[in-house]
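Notes follow the structure.
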Amino acid sequence: MGFFTKKEVSEEPKRKLSGDEDALGLSNVPTEPADPPEEPVPVSIEQANTKHEEYKRGGGKKAFHPRTATSPPRSSTSTPPKGRHHSVFAQMWACASYGIVSVSLTITQKTVFHSYSFHYPNFVTLLQILTSLFLLHVLRAFGKMDFVGFEMDKAKKVFPLACAWWLYVVSGVTALRYLTVPMFSVLRRVTTILVAVGEYLMFSKVPTPGSSTSLLLMCSGAGLAGFTDLTFSLPGYIYISICVVSTAVYLLLIRRLKDVTGLNEASLLFYNNILGLPLMLVWLVFGTDELSTVFQYEHIFDWSFMGCLFLSASQAFLLNLCIFHCTSVNSPLATSVTGQIKDIATTGLGLVLFGDVVLSTLNIAGLVVGFMGGMLYSAISYVNMMKAAATQKKE
Numbered sequence: 000m001g002f003f004t005k006k007e008v009s010e011e012p013k014r015k016l017s018g019d020e021d022a023l024g025l026s027n028v029p030t031e032p033a034d035p036p037e038e039p040v041p042v043s044i045e046q047a048n049t050k051h052e053e054y055k056r057g058g059g060k061k062a063f064h065p066r067t068a069t070s071p072p073r074s075s076t077s078t079p080p081k082g083r084h085h086s087v088f089a090q091m092w093a094c095a096s097y098g099i100v101s102v103s104l105t106i107t108q109k110t111v112f113h114s115y116s117f118h119y120p121n122f123v124t125l126l127q128i129l130t131s132l133f134l135l136h137v138l139r140a141f142g143k144m145d146f147v148g149f150e151m152d153k154a155k156k157v158f159p160l161a162c163a164w165w166l167y168v169v170s171g172v173t174a175l176r177y178l179t180v181p182m183f184s185v186l187r188r189v190t191t192i193l194v195a196v197g198e199y200l201m202f203s204k205v206p207t208p209g210s211s212t213s214l215l216l217m218c219s220g221a222g223l224a225g226f227t228d229l230t231f232s233l234p235g236y237i238y239i240s241i242c243v244v245s246t247a248v249y250l251l252l253i254r255r256l257k258d259v260t261g262l263n264e265a266s267l268l269f270y271n272n273i274l275g276l277p278l279m280l281v282w283l284v285f286g287t288d289e290l291s292t293v294f295q296y297e298h299i300f301d302w303s304f305m306g307c308l309f310l311s312a313s314q315a316f317l318l319n320l321c322i323f324h325c326t327s328v329n330s331p332l333a334t335s336v337t338g339q340i341k342d343i344a345t346t347g348l349g350l351v352l353f354g355d356v357v358l359s360t361l362n363i364a365g366l367v368v369g370f371m372g373g374m375l376y377s378a379i380s381y382v383n384m385m386k387a388a389a390t391q392k393k394e
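Numbering (numbering that gives the first Met the number 0), first residue to last: 0 to 394.
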């Protein structure tokens, strides 16, 4: 009862297959073997199930089916990998959640730096990393999140992503200390064209003429706004340049390494933080003097300040999950463009909340041109998504 053989499968070609067997591809097993039948090899159900689980974890090329203990021939009709196609609503919701959380985080962090005059961006980043690791383990303990533990082999594969993530977070938080919110938002638009170039080089994805035009508008607006910035800060521009490059690398590596390692979003986030923690500590100790002076800050134990600081740290954790999810459901470029569109709300709030913006006619023109490019690209991306959804429905 507990054993079956390859020969037993081939000797019953006329038996009507059940729905489960047909779904497994057994309807394509030839009724007459091309070669002489092999000697039956007894395989227990337990062994077959073990082999099947190993296949699922290892990502083998041939499916091992517990019912037959064989690798059936591939069907002539290829089936897309599970999880590759998502509904338009799922794609739009992923973009919207990323945009909302990102706007909230930017405003909260700017409040910490500007309203409370807390000039310790690297300490804020360290707090974000520690908070993320804490929340990851709490959610896993309550069964709300699942991620793999630390493994050296996986850590080596993920390390480039962790480095890009650490640079992107540290440089972004520090740039926001020196730049106004509108300038921070418009200069980050350069990320989009770098992502487009990266997608072409890594995935052979060529932007359409309309997409190229919108990307050019976004970058032109960023350049014009930057050259006419009346609140120019050299440290701010250096940090935002590092942030732009590392963000583009980060978005592209998410897509590549998620497939290579087989890790889900939560696992990648865990590895980012656990590998970024020693990098952050080394930078804090040897690259800054923040650890020795942060507790001299006069409002360090004020409840309102502490609430704002920890809100910023927890939102950073949520933002990383949203970025992973948005990039997985859509594409790195769609995630980057979503970041540009949400900057409209961020810029508007930055203009009225903090009072540190000095505008000129050309500066405003640069902001407007950049926003127009972002809106145009969003419209083109939406039309393309609708066409793809319609094509998928027909198939």
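Glycine included, every Cβ here is placed at the ideal spot set by N, Cα and C. As the structure is a prediction and not an experimental result, all values here were calculated from the model.
Mark alanine 221 as exposed unless 16 or more other C-beta atoms lie within 10 angstroms of its C-beta, in which case mark it buried.
By one-based count along the sequence shown, residue 221 stands at place 222. The residue is buried, with at least 16 neighbouring Cβ atoms inside 10 Å.
Just verifying my parser: in three-state terms, what is the DSSP assignment at valine 205?
Here residue 205 is taken as the residue at index 206 of the sequence shown, counted from 1. Coil at valine 205, not helix or strand.
Run the CB neighbour count on threonine 67, radius 10 Å, all protein chains shown included, and call it buried at 16 or more, exposed below.
The residue you call residue 67 lines up with position 68 of the sequence shown. Residue confidence is low: threonine 67 scores 40 on pLDDT, short of 50, so the model does not pin down where it sits. Its coordinate-derived value is still stated next. With 16 or more other Cβ atoms within 10 Å, it is buried.
What separation, rounded to the nearest whole angstrom, lies between the Cα atoms of alanine 33 and lysine 257?
As a position in the sequence shown, residue 33 is number 34, starting the count at 1. As a position in the sequence shown, residue 257 is number 258, starting the count at 1. Note that alanine 33 has pLDDT 44, beneath the 50 cutoff, so the model's placement of it is unreliable and the number below is only indicative. So the alpha carbons of these two residues sit roughly 40 angstroms apart.
By how many angstroms is the C-alpha of leucine 135 removed from the C-alpha of phenylalanine 141?
As a working note, residue 141 is residue 142 in the sequence shown. As a working note, residue 135 is residue 136 in the sequence shown. If you take the alpha carbons of phenylalanine 141 and leucine 135, they lie about 10 angstroms apart.
Could you compute how far the alpha carbon of isoleucine 322 sits from the alpha carbon of leucine 186?
The residue labelled residue 322 in the question sits at position 323 within the sequence shown. The residue labelled residue 186 in the question sits at position 187 within the sequence shown. When rounded, the distance between both Cα atoms is 19 angstroms.
When the Cα of leucine 138 is compared with those of Pro277, Leu317, Tyr199, Lys386, which residue comes out closest?
As a working mapping, residue 138 is identified with position 139 in the sequence shown. Per the Cα distances, Leu317.
How is the alpha helix (DSSP H) around glutamine 295 delimited, first residue to last?
Residue 295 sits at position 296 when you count from the first residue of the sequence shown. No alpha helix (DSSP H) contains glutamine 295, which DSSP labels as neither H nor E.
Between the alpha carbons of valine 357 and arginine 176, how many angstroms are there, rounded?
Sequence index remark: in the sequence shown, residue 357 carries index 358 (1-based). Sequence index remark: in the sequence shown, residue 176 carries index 177 (1-based). Their backbone Cα atoms lie some 16 angstroms apart in a straight line.
List the endpoints of the continuous alpha helix (DSSP H) containing leucine 308.
Working through the sequence shown from its first residue, we reach residue 308 at position 309. It spans 302-328 - the alpha helix (DSSP H) in which leucine 308 sits, taken as one unbroken run.
Confirm, please, whether the CB-CB distance from tyrosine 115 to histidine 324 is below 9 angstroms.
Residue 324 sits at position 325 when you count from the first residue of the sequence shown. Residue 115 sits at position 116 when you count from the first residue of the sequence shown. It is not a contact, given that the beta carbons lie outside the stated cut-off.
Could you work out which residue in Leu104, Gly197, Ile128 is closest to isoleucine 273 when comparing CA atoms only?
For the purposes of this step, residue 273 is identified with residue 274 of the sequence shown, where counting begins at 1. Residue Ile128 is the option with its Cα nearest to isoleucine 273.
Just tell me which of Thr260, Thr207, Leu283, Leu166 has its CA closest to the CA of asparagine 383.
In the sequence shown, counting from the first residue as 1, residue 383 sits at position 384. Per the Cα distances, Thr207.
Give the straight-line distance between the Cα atoms of leucine 178 and alanine 389, rounded to the nearest whole angstrom.
Position 179 of the sequence shown holds residue 178. Position 390 of the sequence shown holds residue 389. Straight-line Cα distance between these residues: approximately 43 angstroms.
Got a sec, what are the start and stop residues for the alpha helix (DSSP H) threonine 105 sits in?
For the purposes of this step, residue 105 is taken as the residue at position 106 of the sequence shown. Threonine 105 -> alpha helix (DSSP H) spans 87-109.
Determine the closest residue to lysine 156 out of Gly365, Asn271, Leu352, with distance taken between C-alpha atoms.
Taking the sequence shown and counting its residues from 1, the one referred to as residue 156 is at position 157. For the residues Gly365, Asn271, Leu352, the minimum Cα distance to lysine 156 belongs to Asn271.
Does the Cβ of lysine 386 have 16 or more other Cβ atoms within 10 Å, making it buried, or fewer, making it exposed?
Taking the first residue of the sequence shown as 1, we reach residue 386 at position 387. Under this definition lysine 386 is an exposed residue.
Identify whether leucine 155 lies in helix, strand or coil by the three-state DSSP scheme.
Residue 155 sits at position 156 when you count from the first residue of the sequence shown. According to the sequence shown, residue 155 is lysine rather than leucine. In the structure shown, lysine 155 sits in a helix (DSSP, three-state: H, G or I).
If you compare alpha carbons, which of Ala265, Phe122, Leu310, Ala93 is closest to valine 293?
Counting from one through the sequence shown, the residue named residue 293 turns up at place 294. Residue Phe122 is the option with its Cα nearest to valine 293.
Grouping DSSP H, G and I as helix and E and B as strand, with all else coil, what is valine 356?
As a working note, residue 356 is residue 357 in the sequence shown. It is coil, neither helix nor strand.
With 16 other CB atoms within 10 Å as the buried threshold, where does glycine 161 fall?
Reading the sequence shown from its first residue, position 162 is the one you call residue 161. Reading off the sequence, residue 161 comes out as alanine, not glycine. Buried.
For threonine 419, count neighbouring Cβ atoms within 10 angstroms of its own Cβ and tell me buried if that reaches 16, exposed if not.
Look at the range of the chain in this structure, 0 to 394, and you will see that residue 419 is not part of it.
Look at the Cβ atom of glycine 349, then the Cβ atom of proline 234, and state whether they are nearer than 9 angstroms.
Reading the sequence shown from its first residue, position 350 is the one you call residue 349. Reading the sequence shown from its first residue, position 235 is the one you call residue 234. Contact flag unset, no.
Between leucine 193 and valine 244, how many whole angstroms is the CB-CB distance? I'm expecting something under 8 angstroms.
Position 194 of the sequence shown, counting from 1, holds the residue named residue 193. Position 245 of the sequence shown, counting from 1, holds the residue named residue 244. That belief holds up - the Cβ atoms of leucine 193 and valine 244 are roughly 7 angstroms apart, short of 8 angstroms.
According to DSSP, simplified to helix, strand and coil, what is leucine 125?
Working through the sequence shown from its first residue, we reach residue 125 at position 126. Looking at leucine 125 - three-state DSSP - the assignment turns out to be helix.
So, with DSSP's three-state summary, where would you put valine 147?
Here residue 147 refers to the residue found at position 148 of the sequence shown. Coil at valine 147, not helix or strand.
Assuming glycine 372 and leucine 250 form a contact by the criterion Cβ under 8 angstroms, report the distance between their Cβ atoms to the nearest whole angstrom.
Position 373 of the sequence shown, counted from the start, is the residue given in the question as residue 372. Position 251 of the sequence shown, counted from the start, is the residue given in the question as residue 250. So it is not a contact: roughly 18 angstroms between Cβ atoms.
Note down the Cα distance separating glutamate 198 from tryptophan 164, rounded to an integer number of angstroms.
In the sequence shown, the residue the question calls residue 198 occupies position 199. In the sequence shown, the residue the question calls residue 164 occupies position 165. Looking at the two C-alpha atoms, the distance is approximately 18 angstroms.
Within its chain, find whatever has a CB closer than 8 angstroms to the CB of tryptophan 282; leave out the 5 residues flanking it on each side and keep chain order.
Numbered from its first residue, the sequence shown carries residue 282 at position 283. Asn121, Val169, listed in sequence order.
Let me confirm a value: valine 284 is counted as buried when at least 16 other C-beta atoms fall within 10 Å, else exposed. Which label applies?
Your numbering for residue 284 matches position 285 in the sequence shown. Its Cβ having fewer than 16 others within 10 Å, valine 284 is exposed.
Does the beta-carbon of glutamine 295 have 16 or more other beta-carbons within 10 angstroms, so that it is buried, or is it exposed?
The residue labelled residue 295 in the question sits at position 296 within the sequence shown. It is exposed - the Cβ of glutamine 295 has fewer than 16 other Cβ atoms within 10 Å.
In terms of residues, what are the limits of the alpha helix (DSSP H) holding isoleucine 237?
As a position in the sequence shown, residue 237 is number 238, starting the count at 1. First-last of the alpha helix (DSSP H) with isoleucine 237: 233-260.
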